[in-house]
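Protein chains in written order, with the working numbering: chain A, 120 to 257; chain B, 522 to 826. Yeah, the Cβ is synthetic: ideal placement off N, Cα and C, and Gly gets one too. Since this is a predicted model, take the numbers as computed values, not measurements.
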Amino acid sequence: MKDFRLWGLKKSPWVFHVAAASCNNCDIEILDVLTPRFDVERFGIVLVGSPRHADALLVTGVLNRKSLPRVLRVYEQTPKPCLVIGVGTCTCSKHMFSSSYNAVGPYDKYLPVDVYIPGCPPKPEAIILGVVKALSKL
Amino acid sequence: MSLPELIFSILIFPGFLFTAVIGLLLTWVDRKVTARVQMRVGPPWYQPFADFFKLLLKETMVPEGAAKTVFLLAPMLGVIAMPIVAVMLFYMNINPYASFVGDLIVILYLFALPPLGIIIGGSASKNPLSAVGASREMTQYFSYELPFLAAILVPIIKTGSVKIGDIVLYQELHRSVLYSLSGVIATITALICIQAKLGYVPFDIPEAEQEIMAGPLLEYSGASLAMFRLTRAMMLFLLPLFVITLFWGGFANLWAIPKFILIIVLIILAKNTNPRLRIDQALKFFWLGLGIFAIIGLILAVLRL
C-alpha cells in the first residue's frame, strides 16, 4: 500500500504556485515550464488552482514579515504529504535584501523545504531538475 | 436476474469497475488528444490511474465551518448513480425485451445526480468561490436541461414509447433515429448538451480555473476530489453511449465502436477549439439558440420528417 501511494505521488505531482512577494521573474519561468515547449504533463505535473488539490508548493520570492503568515497558511491548507520547492535564489537566502529590516530569512526556518532551486531566475530545465530531485527524495 | 448476478453486474461488469476503468482510460485519451492538438507529447496511459490512486490515498480535509456530513457525502451521489446507469444501458441494449416502462426517465434523473452532487458539495464547503461555482452550475444545469429534454422527446415521439428497449428495437427494425431530418437536429442538440453536462470547455463555466479557481471543487481534497473526478470520467463513457442508444441504433453490435470513437473525438476537438462562454451567454445560447433549434426538431418529428 505504501509503495502504491509513493507511485501515485511520484507519477502525478500537482503543483500549486505560491508567489510570496517575488519580482515575478521566477513566476514567469514557472509558467514557462508549463508551456507546450517543455510539456511537463509528460510526467503528470499539472498546475492546479487550489492548494487543497496540490502535492507540491512552488514558493518564490524573499520571505518577509507580511508574506510569512500567508505562506504558512497556504502550507497548512495543503493536504499532506506535500513537497515544498523553493524556486530562485531569493528563497535560499535574503538575496539583495540581506540588510533589510523586513526580510525574515530563508524558508526552512519556518517550513520543511525539500529542494531549493538557485538562479535568478532559474532556467526551466533547472526547475524540472529540481522537481525531479524532490520526487526522488520521497 | 438473481441477486448475485445483480450484485456482480452493479459492482463489476458493466457497473462500477468496468465503467471506472474505461472512463479513466477515456480521460487519458482526452488528455493525449489535447496534448497532440497543442503539439505536445502528453501523459502516459496510466496517468489518470496514478492521479486517482494518489488522490484516494491522500489526506482529506474538511474546511472549518463547513457542513461536514453533507460535504463528505456529496461526491458519492454521482459515483453511486453512474454504475446504475451503466447496468441499465447495457441490459436494455443486450436484451431490449427486459426494458420496463419509464426506464428512460429513470436514466435521465440518474444523470441529474452528478451536477446535484456538485451543487450540494459546493454550497456545503463554505467558500465564497465555491458558492459562486455552485450557483453557476445550477444556472447551467437549468439551461442545458431544456434543449436536452426536447432532443430526447424526438426518439420518444418517433417510436411512441418511453422504454429504451422499444427505442432500440424500433431502430433495429426500421432505421436509426439519426437518419431523418428531425433526428439530425435532435442528435446535434444532444451532443452540445453532453458537452455542457461533462463540463467541457465552452461550458466549463462552473469550474472556470482562471476566474474562480476550481469552483465547487475548490475545497475538496483527497478521496472526495477523486470521487468527483471518477464521476466525470464515468460520464465521459456513459453519455456518448446514451446518445448512441437513443439516436444511432443502440450499441449491441460492433458498429457502435467507430460511432463511439467519433463522438468522443468530436467532444474532445470541440473542447480544444473553443473559448469559454460567460454564464449569461451560455443561458442565452441554450434557451434561445439551441432551445428553438430543438423545438424545430420536435415539430419536424411530429410531422414524421
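Cβ of residue i within 8 Å of any chain A Cβ
| i | result |
| --- | --- |
| B/P564 | yes |
| B/M560 | yes |
| B/P580 | In the sequence under discussion, the amino acid at residue 580 of chain B is Glu, which differs from the Pro named in the question. Yes - at least one Cβ of chain A is within 8 Å of the one on B/E580. |
| B/F574 | yes |
| B/Y721 | no |
| B/M748 | no |
Range covered by the beta strand (DSSP E) that runs through residue i
| i | result |
| --- | --- |
| A/G205 | L202 to V206 |
| A/I236 | V234 to I236 |
| A/G135 | The amino acid occupying residue 135 of chain A in the given sequence is Phe; Gly does not appear at that position. That run of the beta strand (DSSP E) goes W133 to A138. |
Start-to-end residues for the alpha helix (DSSP H) that takes in residue i
| i | result |
| --- | --- |
| B/F763 | G743 to F768 |
| B/W830 | Summary: the structure shown does not reach residue 830 of chain B, with chain B confined to residues 522 through 826, and so no result is reported for it. |
| B/F574 | Q568 to L577 |
| B/F592 | K589 to I615 |
| A/L176 | No alpha helix (DSSP H) holds A/L176; the beta strand (DSSP E) holding it covers A175 to T179. |
| B/F814 | G812 to V823 |
| B/Y691 | I685 to L694 |
| A/S255 | P243 to S255 |
| A/F273 | Within the shown structure, residues of chain A are numbered from 120 to 257, placing residue 273 of chain A beyond reach of any answer. |
| A/N144 | N144 to V152 |
Chain-order list of residues whose beta-carbon lies under 6 Å from that of residue i (same chain, five-residue window excluded)
| i | result |
| --- | --- |
| B/G643 | S651, G654, A655 and P737 |
| B/L699 | T708, F768 and W769 |
| B/A602 | L631 and L634 |
| B/L577 | A744 and A747 |
| A/C145 | T179, V206, G207 and P240 |
| B/L547 | L757 and F758 |
Beta carbon proximity, residue i to chain B, threshold 8 Å
| i | result |
| --- | --- |
| A/F123 | yes |
| A/E160 | yes |
| A/S131 | yes |
| A/S218 | no |
| A/R171 | yes |
Residues near residue i by beta carbon distance below 7 Å, same chain, minus five either side
| i | result |
| --- | --- |
| B/E728 | G654, G720, A735, G736 and L738 |
| B/D725 | R797 |
| B/V823 | I678 |
Same chain, Cβ closer than 8 Å to residue i, neighbours up to 5 away in sequence not counted
| i | result |
| --- | --- |
| B/F621 | K684 |
| A/S141 | T179, G180, V181, G207 and C209 |
Contact between the region 578-586 of chain B and the region 737-745 of chain B (3+ Cβ pairs under 8 Å): Taking a cut-off of 8 Å for Cβ pairs, the region 578-586 of chain B and the region 737-745 of chain B touch, as three or more such pairs fall below it.
Touch test, the region 533-541 of chain B against the region 556-565 of chain B, Cβ-Cβ under 8 Å, three pairs minimum: Result no; under three Cβ-Cβ pairs closer than 8 Å.
Contact between the region 591-608 of chain B and the region 154-167 of chain A (3+ Cβ pairs under 8 Å): The way I'd put it, the region 591-608 of chain B doesn't touch the region 154-167 of chain A; fewer than three beta-carbon pairs between them come closer than 8 Å.
Complete runs of the alpha helix (DSSP H) confined to the region 772-806 of chain B [at least 4 residues]: Note on the region 772-806 of chain B: whole alpha helix (DSSP H) runs with a minimum of 4 residues are 777-793 and 800-805, in chain order.
Segment contact flag, the region 153-163 of chain A with the region 192-205 of chain A, C-beta cutoff 8 Å, min 3 pairs: No: the two stretches stay apart, fewer than three of their Cβ pairs being nearer than 8 Å.
Contact between the region 665-681 of chain B and the region 785-794 of chain B (3+ Cβ pairs under 8 Å): The region 665-681 of chain B is not in contact with the region 785-794 of chain B.
The region 775-786 of chain B / the region 616-630 of chain B touching (three or more Cβ pairs under 8 Å): Touching, no.
At least 3 beta-carbon pairs within less than 8 Å: the region 689-705 of chain B vs the region 608-623 of chain B: By the C-beta criterion, the region 689-705 of chain B is judged to be in contact with the region 608-623 of chain B, since at least 3 inter-stretch pairs fall below 8 Å.
Three CB pairs or more closer than 8 Å across the region 546-562 of chain B and the region 233-250 of chain A: Taking 8 Å as the limit for Cβ pairs, the verdict is that the region 233-250 of chain A does not touch the region 546-562 of chain B.
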